[in-house]
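**Student:**
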Amino acid sequence: MKLSTRARYALRMMVAIARREERHAPVSLDDVSNITSISKRYLEQVAMGLKGAGLLRGVRGRSGGYLLTRPAPNISVGEIVEASIGPINVVDCVLEPETCSKVDVCSTRWVYERINSGITGVLNGLALQDLLDHQANGSTPTDRCPDVQAPESDQGED
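Numbering (the working numbering), first residue to last: 378 to 535.
1) Cutting at 8 Å between CB atoms, please list the residues of its own chain near Ala-384, excluding the five before and the five after it.
2) Roughly how many angstroms separate the alpha carbons of Leu-500 and Gly-455, rounded to a whole number?
3) Quick check: what's the CA-CA separation for Asp-407 versus Glu-421?
4) My output table needs one value for Leu-444: the three-state DSSP class, helix, strand or coil.
5) Near Ala-349, what residues of its chain come up, given a Cβ to Cβ distance below 8 Å and the 5 sequence neighbours on each side ignored?
6) Are any of the Cβ atoms in chain B nearer than 7 Å to that of Ser-461?
7) My guess is that Ala-387 and Val-423 are in contact by the Cβ rule of under 8 Å, so how many angstroms apart are they, rounded?
8) Please name the residue or residues paired with Gly-435 in a DSSP beta bridge.
Shown next as structure tokens:
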């Protein structure tokens with residue numbers, strides 16, 4: 378399974394906002410874009426999903442921007458990923474068994490269920506705070522990914 382660009386960028390955006398939010402002021406998309414090297418246009422799309430899931434709230438005005446709706450220890454990585462791409466699902470039959478006519482005789486579905494459960498468990502077992510702490514301990518030199526260009530829109534996303 379490969380995390381989509383949108384999911385990876387949502388994580389980077391949330392880390393940037395959480396780190397800057399310690400100043401108790403909204404973080405603008407311009408600031409997030411400068412910190413992460415992700416285009417502002419793409420961040421706007423990502424932010425909509427995070428707002429819709431109740432993970433971010435927008436503050437209007439000249440010094441507006443985004444704030445987390447909960448403290449970083451109370452936001453799971455799984456919530457961020459699902460807000461950006463929908464439910465974690467390695468194959469359709471795991472969450473929607475009715476999509477497969479062979480579900481009753483399938484000899485591999487249980488494997489997909491275990492994989493799905495494992496991925497979901499890891500993502501939900503990590504908090505946004507864990508990413509901040511990991512970076513603070515020097516494990517991650519930067520949150521910029523110079524080899525990856527931010528797409529300008531949804532089209533062509535992996």
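We put the beta carbon where it would ideally sit given N, CA and C, even for glycine. Small disclaimer: the values here were computed from a predicted structure and weren't measured.
**Tutor:** By the coordinates alone:
1) Hits under 8 Å: Ile-457, Val-458, Ser-461 and Ile-462.
2) If you take the alpha carbons of Leu-500 and Gly-455, they lie about 4 Å apart.
3) Between the alpha carbons of Asp-407 and Glu-421 lies a gap of roughly 10 Å.
4) Correct three-state label for Leu-444: strand.
5) No information on residue 349 is available, as it lies outside the stretch 378 to 535 that the chain covers here.
6) You won't find chain B in this structure, because it holds only one protein chain.
7) Rounded, the Cβ-Cβ distance is 5 Å, consistent with contact.
8) Answer is Tyr-443.
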